[in-house]
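Asker: Please find one structure pasted underneath; my questions will follow.
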Amino acid sequence: MQVRHVLAVLFVGLCWISSAKAAGFETRAALPAPELKAHDLSGATRTLADYRGKVVLLNFWATWCPPCLREMPSLERLRIRMAGQALEIVAISSAETPEEVKAYLSKMKLGFPILLDSDSSNTRRWKVFALPTTFVLDAEGRIRHVLTGPTEWDEGEALAVIDGMLADRPGHANKKK
Amino acid sequence: MRMRIFSFFLSGLWLCALAAHAGMPEYQTFPADGQRLLLWVASGQGRSDAELVAARNLARQGVEVWSLDPTSAYFLPPVASSMDALPVEDLAAWFGAAQETGKRVAVFAVARAAVPVLRAAALLQPGPRSRLCVVLMHPNLYTVTTPLDEPDYLDPGDLSGLRVRVLQPRRSAATPWLPGLLERLSQHGAIVSDALLENLREDYWMRETPTDFEMAAGRHMDGMLLHQLDRWGCK
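In order, the protein sequences belong to chains D and B.
With our numbering applied, the first sequence covers 1193 to 1369.
With our numbering applied, the second sequence covers 14 to 248.
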């Protein structure tokens, strides 16, 4: 009887811990996104209009930020997992030079677009106060979820958020894989 | 002349009244014969070894240091939010005691310790406040920050005439927000200046995995501080 009681307490505790770990995403009521205007590594200008019709995962990061670098492999795994789906992962480096970003990318091969916010104008427009901060936008370019801090993007709540967003796209049959 | 004596008398009375209500925090002294006194207030994470080394080195160069580890002095948990709970009257009394030595007093505060330091400075009379130099290392004065929303700052009180220099490591999420912070301090009456510390992250002298550059900079905090105080005219 006592063992069963202890197990029940442990189970409740585990549920509480796992829910606390997953409670990072903040849902927004389809907010219009601020302007995004940044250069990619080739110097071309990119805006949100370039990704219209796709779910966009916009990740503000920096090469000096250990939590940002910790989550990068999971973003790459997410890209591979979601290949062929209407998802665009975009990582925007906050207040760094192209040289700093290129030095990091020479060691870490990433298949998603990297943008530069060298003058931090996008960081200020999006009101980003901590790194990493990630916004998940719907296919109309509206902000639906915000996460401050790192996560493993190819599992758990993060993956559920992305799956949900892809399923909710207009014209989509609203079926999950 | 009479006015000066009278204002000195009033300041003394005010200091006595403040001391009557306030305790003095426990702090560590690094005596020196020079005419400068630096009040070093560690962050909520506590005082690091590198800070003690810097204090010793400063004393060797003639700058007396009074080093305060607020969480230890007030038995508070070693987290940033503990800084908001510090009795600012105690700090104001500590500033007053430092100024009574007749030395040129500067206060150096790290991270969230900026909040009680500014609030204590706001309690000073205009004269003593204008004679104080405050150097803030990557200060955090936010009440709360939410992505997509304007930042909300704490009210530090009246900082009229207080000279505040902000040292901001470049590699920080706070760097893009430095102009807004300086503007806020100016709105409260502070005379502000700033310096960006290149190639460094916040708390570079006590990080778990510092870069070579950060380790070298961490060993020369005394020189960096003297340089910043001199450049700013706090001699």
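Glycine included, every Cβ here is placed at the ideal spot set by N, Cα and C.
Note that the structure is predicted; figures quoted are calculated from it, not measured.
Starting from the beta carbon of D:T1315, find every residue of chain B whose beta carbon is closer than 7 Å, and list them in chain order.
Answerer: On the first sequence, residue 1315 of chain D is found 123 positions in, with the first residue counted as 1. Near D:T1315 (Cβ distances below 7 Å), the residues of chain B are P189.
Asker: Since B:D162 meets chain D, which of its residues come closer than 9 Å, beta carbon to beta carbon?
Answerer: Walking along the second sequence from the start, residue 162 of chain B turns up at place 149. Under the 9 Å cutoff, chain D gives K1319.
Asker: So what does DSSP say about D:N1314, is it helix, strand or coil?
Answerer: Within the first sequence, numbered from 1, the residue matching residue 1314 of chain D stands at position 122. The answer is helix: DSSP assigns D:N1314 an H, G or I state.
Asker: Give, in chain order, every unbroken run of the alpha helix (DSSP H) that is at least 4 residues long and sits entirely within the region 1294 to 1356 of chain D.
Answerer: Runs found: 1313 to 1317.
Asker: Taking only beta carbons into account, state which residues of the region 87 to 100 of chain B come closer than 7 Å to chain D, listed in chain order.
Answerer: Answer set for the region 87 to 100 of chain B: empty.
Asker: With a cut-off of 9 Å, does the C-beta of D:L1223 fall near any C-beta of chain B?
Answerer: Indexing the first sequence from 1 puts residue 1223 of chain D at position 31. Closer than 9 Å to some Cβ of chain B, the Cβ of D:L1223 qualifies, so yes.
Asker: Output, in chain order, the set of chain B residues within a Cβ distance shorter than 8 Å of D:L1323.
Answerer: Counted from its first residue, the first sequence places residue 1323 of chain D at position 131. The answer, in chain order, is A186.
Asker: Starting from the C-beta of B:I204, find all residues in its chain whose C-beta is less than 8 Å away, skip the five residues before and the five after it, and write them out in chain order.
Answerer: Translated into positions along the second sequence, residue 204 of chain B becomes position 191. G174, L175, R176, V177.
Asker: Cβ closer than 9 Å: which chain B residues qualify as neighbours of D:S1266?
Answerer: Walking along the first sequence from the start, residue 1266 of chain D turns up at place 74. Per Cβ cutoff of 9 Å: no residues; D:S1266 is ~20 Å from chain B at best.
Asker: Within a Cβ cutoff of 7 Å, which residues of the same chain sit near D:L1223, ignoring the five residues on either side of it in sequence?
Answerer: Translated into the one-based positions of the first sequence, residue 1223 of chain D becomes position 31. Counting only Cβ-Cβ distances below 7 Å, and skipping sequence neighbours, we find R1334, I1335.
Asker: So the candidates are D:R1273, D:V1293, D:N1314, D:E1288; which of them puts its Cα closest to the Cα of D:A1230?
Answerer: Looking up residue 1230 of chain D in the first sequence gives position 38. Taking only the C-alpha atoms, the option nearest D:A1230 is D:N1314.
Asker: Quick test of your reading: B:V12 and B:L136, contact by CB under 8 Å. State the CB separation rounded to the nearest angstrom.
Answerer: It is not possible to answer for residue 12 of chain B, since the shown part of chain B is limited to 14 through 248.
Asker: Assess, as a yes-or-no matter, whether the region 1304 to 1313 of chain D is touched by the region 1321 to 1341 of chain D under the definition of 3 or more beta carbon pairs within less than 8 Å.
Answerer: Judged by Cβ distances under 8 Å, the region 1321 to 1341 of chain D makes no contact with the region 1304 to 1313 of chain D, as fewer than three pairs qualify.
Asker: Do the CB positions of B:A68 and B:R232 come within less than 9 Å of each other?
Answerer: For the purposes of this step, residue 68 of chain B is identified with residue 55 of the second sequence, where counting begins at 1. For the purposes of this step, residue 232 of chain B is identified with residue 219 of the second sequence, where counting begins at 1. No, these two residues do not count as a Cβ contact at 9 Å.
Asker: Taking the continuous alpha helix (DSSP H) assigned at B:M237, which residues delimit it?
Answerer: Taking the second sequence and counting its residues from 1, the one referred to as residue 237 of chain B is at position 224. Where B:M237 is concerned, the enclosing alpha helix (DSSP H) stretches over 234 to 245.
Asker: Which whole runs of the beta strand (DSSP E) in the region 86 to 139 of chain B are 3 residues long or more, in chain order?
Answerer: Qualifying beta strand (DSSP E) stretches, in chain order: 117 to 123.
Asker: Does the beta-carbon distance from B:S94 to B:G57 come in below 9 Å?
Answerer: Stepping through the second sequence from its first residue, residue 94 of chain B is reached at position 81. Stepping through the second sequence from its first residue, residue 57 of chain B is reached at position 44. Yes, the pair counts as a contact, with Cβ atoms nearer than the cut-off.
Asker: If you drop the 5 nearest sequence neighbours on each side, which residues of the same chain put their C-beta closer than 6 Å to that of D:R1273?
Answerer: Taking the first sequence and counting its residues from 1, one reaches residue 1273 of chain D at position 81. Answer for D:R1273: D1346, listed in chain order.
Asker: If I follow the unbroken alpha helix (DSSP H) through B:E64, where does it start and stop?
Answerer: The residue labelled residue 64 of chain B in the question sits at position 51 within the second sequence. Run containing B:E64: 62 to 73, per the alpha helix (DSSP H) assignment.
Asker: Is it right to say B:D243 is buried, meaning 16 or more other beta carbons lie within 10 angstroms of its own, or is it exposed?
Answerer: On the second sequence, position 230 is the one that residue 243 of chain B refers to. Exposed, since its Cβ has fewer than 16 Cβ neighbours within 10 Å.
Asker: If we call anything under 9 Å between Cβ atoms a contact, is D:S1286 one with D:L1323?
Answerer: Counting from one through the first sequence, the residue named residue 1286 of chain D turns up at place 94. Counting from one through the first sequence, the residue named residue 1323 of chain D turns up at place 131. Yes, the pair counts as a contact, with Cβ atoms nearer than the cut-off.
Asker: Compute the Euclidean distance between the alpha carbons of B:E159 and D:E1218, then round it to the nearest angstrom.
Answerer: Here residue 159 of chain B refers to the residue found at position 146 when the second sequence is read from its first residue. Here residue 1218 of chain D refers to the residue found at position 26 when the first sequence is read from its first residue. The sequence shown places Thr at residue 159 of chain B, not Glu. Rounded to the nearest angstrom, the two C-alpha atoms are 10 Å apart.
Asker: Which one of B:A187, B:T222, B:Q241, B:L131 has the shortest CA to CA distance from B:S199?
Answerer: In the second sequence, counting from the first residue as 1, residue 199 of chain B sits at position 186. Here the closest residue by C-alpha is B:L131.
Asker: Using only the alpha-carbon positions, how far apart do B:N153 and D:G1363 sit?
Answerer: Numbered from 1 along the second sequence, position 140 holds the residue referred to as residue 153 of chain B. Numbered from 1 along the first sequence, position 171 holds the residue referred to as residue 1363 of chain D. Approximately 46 Å between the Cα atoms of the pair.
Asker: Closest to B:D82 by C-alpha separation, out of B:A105, B:A122, B:Q48, would be which residue?
Answerer: Against the second sequence, residue 82 of chain B aligns to sequence position 69. The residue with the shortest Cα to Cα distance from B:D82 is B:A122.
Asker: Identify every residue that forms a DSSP beta bridge with D:E1280.
Answerer: Along the first sequence, read from residue 1 onward, the residue named residue 1280 of chain D stands at position 88. Paired residues: D:V1248.
Asker: Can you name the residues of chain B whose CB is closer than 7 Å to the CB of D:A1287?
Answerer: On the first sequence, residue 1287 of chain D is found 95 positions in, with the first residue counted as 1. In chain order: T188, P189.
Asker: For B:M37, does the three-state DSSP call read helix, strand or coil?
Answerer: Residue 37 of chain B sits at position 24 when you count from the first residue of the second sequence. Three-state DSSP puts B:M37 in coil, outside helix and strand.
Asker: Taking C-alpha atoms, which residue in B:Y87, B:H151, B:Q138 lies nearest to B:W190?
Answerer: On the second sequence, residue 190 of chain B is found 177 positions in, with the first residue counted as 1. Measuring from the Cα of B:W190, the nearest candidate turns out to be B:H151.
Asker: By DSSP, does B:R142 sit in helix, in strand, or in coil?
Answerer: One-based indexing of the second sequence puts residue 142 of chain B at position 129. B:R142: helix per DSSP, three-state reduction.
Asker: Does B:Y166 have its Cβ less than 9 Å from a Cβ in chain D?
Answerer: Along the second sequence, read from residue 1 onward, the residue named residue 166 of chain B stands at position 153. No, B:Y166 lies away from the interface with chain D (no Cβ there is under 9 Å from its Cβ).
Asker: Would you say B:Y40 lies against chain D (beta-carbon separation less than 9 Å)?
Answerer: Along the second sequence, one-based indexing puts residue 40 of chain B at 27. So no, B:Y40 is outside the interface.
Asker: Looking at chain D, is there any beta carbon in it that lies within less than 9 Å of the beta carbon of B:T156?
Answerer: The count along the second sequence starts at 1 and reaches residue 156 of chain B at position 143. It does not; no Cβ of chain D falls within 9 Å.
Asker: Checking 9 Å against the spacing of the C-beta atoms, do B:A106 and B:M37 come in under that value?
Answerer: Mapped onto the second sequence, residue 106 of chain B falls at position 93. Mapped onto the second sequence, residue 37 of chain B falls at position 24. Contact: yes.
Asker: Under 8 Å by Cβ, that's how I've got B:L209 and B:Q181 pegged, so tell me the actual separation to the nearest angstrom.
Answerer: Along the second sequence, one-based indexing puts residue 209 of chain B at 196. Along the second sequence, one-based indexing puts residue 181 of chain B at 168. Yes, they are in contact, since the Cβ atoms of B:L209 and B:Q181 sit about 5 Å apart, within 8 Å.
Asker: CA-CA distance, B:L51 and D:G1303?
Answerer: As a working note, residue 51 of chain B is residue 38 in the second sequence. As a working note, residue 1303 of chain D is residue 111 in the first sequence. Going from the Cα of B:L51 to the Cα of D:G1303 covers about 51 Å.
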